[in-house]
Structure formats: structure tokens, C-alpha cells
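One structure below.
Residue numbers (the working numbering): 4 to 231.
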């Protein structure tokens with residue numbers, strides 16, 4: 004029983020580790036234009052969105068904001084082969100840009116564009132919960148200029164395809180979440196995002212071993228009860 008307790012304790016410790024402050028937003032890959040933009044519930048809460056982006060593709064996100072609100076967004080790239088020089092562009096579209104251009108993305112000349120202008124492969128940081136290293140790309144900190152609906156567009160301008168994680172907001176808030184459900188799901192989503200199927204396989208192996216150990220212990224207890 005001591006072995007079982009140790010193994011279960013390790014799983015619990017993994018499950019309650021912080022996910023570097025971000026809550027993941029799941030999606031179905033349909034947010035490819037203004038009409039189907041992925042809604043960000045509160046742009047000041049810390050969110051993360053895992054994405055695959057193809058050549059000449061763009062992904063769209065929307066949020067409501069008030070004048071004077073702080074706005075934070077950043078892009079990071081998982082440290083994977085062939086992504087060393089990957090850097091999609093981030094565009095922030097204001098309500099004024101939309102009004103003046105009738106939702107035509109190609110004519111949004113006044114929208115704020117944020118390409119990555121640093122060195123490659125970029126600064127690294129390690130995220131301990133998912134055991135993933137990322138390369139940092141652009142980071143935006145600014146004040147919202149006017150009330151209304153804003154759009155974020157992440158697009159390929161270099162004929163490249165790859166993976167990125169878009170982070171929005173800085174306030175860590177898990178108050179309305181079931182931590183024992185959301186964190187294991189976040190761990191799983193992270194592993195799928197970076198194609199880390201080895202860790203997933205190890206997890207299933209651990210679960211199978213735990214089930215076998217519990218089964219053996221119960222079997223021995225039943226045998227003892229029968230003998231007595």
C-alpha cells in the first residue's frame with residue numbers, strides 16, 4: 004500500500020502544479036476570418052491558445068475592451084525541430100479600423116502590426132508543468148485606446164508553417180474552475196501540442212501499473228479474508 008500511496012502522491016503533485024498562469028482556450032480550428040473569430044472571454048485574464056498555422060494562413064481572435072484597459076499579448080514557439088526561425092506576425096485591429104474598412108482584412112492599413120524583430124532562435128524559457136521549452140517571440144504591452152470590439156490576427160507572412168502559443172492577459176484566475184479537471188486536461192493538451200507522445204505513453208503505463216498493483220493488493224486481502 005505504501006508504494007501505491009507514493010505513486011498517487013506523485014500524480015497529485017503533477018496535477019496541481021501551476022500551468023505558468025494561463026488557462027487554455029480550446030477551439031475547433033474554424034476561426035479563420037472575422038465572422039468566426041475565437042472569442043476571448045476577458046482579455047485581462049491570463050489565457051493561452053495552442054495553434055498550428057499553415058502557409059499563408061491566418062487565425063482570428065476577438066475580445067471586448069474599454070478605453071484605458073491594459074492589454075498584454077505574446078507569442079511563443081515550442082522548441083521543436085524546424086521551428087528555430089519560425090515567427091508569425093501579430094496584428095491588433097481596433098474598432099476604428101473595422102469601421103473604416105468594412106471588415107476587409109486586406110485593406111486594414113492602419114491596424115497595428117507586430118512582427119518579431121529579435122534574433123533567432125530567440126530567448127528560451129522552460130514551462131515545468133508541461134515540461135516544454137519555448138522560444139520567445141513578440142510581446143505587446145499597451146493601453147486600449149477606445150471602447151469596443153477588438154480583433155487579434157496571427158498570420159504567416161514568410162511562407163512558413165509551424166506551431167505557436169498565443170498568450171493573452173496577465174491576471175491568473177482559476178476561481179471558477181475545477182482544478183482537478185482543468186490541470187490534467189491542460190497537461191494532456193500541451194503534450195498533444197508538442198507531439199510528445201512518449202510522455203503520454205509513460206502516463207498510461209503508470210496508470211496500468213497502478214491498476215495492477217491495486218488489483219494484486221485487493222486479491223491478497225480477499226484471500227486472507229477467505230482463510231480467516
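Yeah, the Cβ is synthetic: ideal placement off N, Cα and C, and Gly gets one too. Treat the numbers as computed from the prediction; the structure is a model and nothing was measured.
- [ ] From the DSSP output, read off the bridge partner residues of residue 220.
- [x] Translated into positions along the chain shown, residue 220 becomes position 217. Answer by DSSP bridge pairing: none, since residue 220 is not bridged.
Task: Simplified DSSP state of residue 92, which is helix, strand or coil - done: As a first step, residue 92 must be located in the chain shown, where it is residue number 89. Strand at residue 92.
Open item on the list: Going by DSSP in three states, residue 55 sits in which element: helix, strand or coil?
Closed with: Counting from 1 along the chain shown, the entry for residue 55 is found at position 52. Under the three-state reduction of DSSP output, residue 55 falls in the strand class.
Open item on the list: Counting C-beta neighbours from all protein chains within 10 Å, is the total for residue 140 16 or more, i.e. buried, or is it exposed?
Closed with: Numbered from its first residue, the chain shown carries residue 140 at position 137. Counting Cβ neighbours within 10 Å, residue 140 comes out buried, since at least 16 surround it.
- [ ] Output yes or no for whether 8 Å exceeds the beta carbon distance between residue 158 and residue 76.
- [x] Indexing the chain shown from 1 puts residue 158 at position 155. Indexing the chain shown from 1 puts residue 76 at position 73. It is not a contact, given that the beta carbons lie outside the stated cut-off.
TODO: Can you have a look at residue 29 and say buried or exposed, based on whether 16 or more other CB atoms are within 10 angstroms of its CB?
DONE: Numbered from its first residue, the chain shown carries residue 29 at position 26. That one is exposed.
Task: Pairwise C-alpha distance: residue 135 and residue 154 - done: Translated into positions along the chain shown, residue 154 becomes position 151. Translated into positions along the chain shown, residue 135 becomes position 132. Spanning the two alpha carbons is a distance of roughly 28 Å.
Task: Same chain, Cβ closer than 7 Å to residue 96, five either side skipped, listed in chain order - done: Sequence index remark: in the chain shown, residue 96 carries index 93 (1-based). Excluding residues within five positions, the ones whose Cβ falls inside 7 Å are 111, 114, 153, 154 and 156.
Task: Stretch-stretch touch, CB-based, cutoff 8 Å, three pairs: the stretch 140–151 with the stretch 113–127 - done: Segments in contact, yes.
TODO: Indicate whether the contact test is met: 3 or more Cβ pairs, each with one atom in the stretch 125–132 and one in the stretch 50–65, closer than 8 Å.
DONE: no
TODO: Please name the residue, chosen from 226, 33, 45 and 116, that lies closest to residue 174 on a Cα-to-Cα basis.
DONE: For the purposes of this step, residue 174 is taken as residue 171 along the chain shown, with counting starting at 1. The shortest C-alpha separation from residue 174 is found at 45.
TODO: Please state whether DSSP places residue 237 in a helix, a strand or coil.
DONE: Nothing about residue 237 can be read from this structure; the chain reaches only from 4 to 231.
Open item on the list: Just to confirm, is the Cβ distance from residue 47 to residue 151 under 8 Å?
Closed with: As a first step, residue 47 must be located in the chain shown, where it is residue number 44. As a first step, residue 151 must be located in the chain shown, where it is residue number 148. It is not a contact, given that the beta carbons lie outside the stated cut-off.
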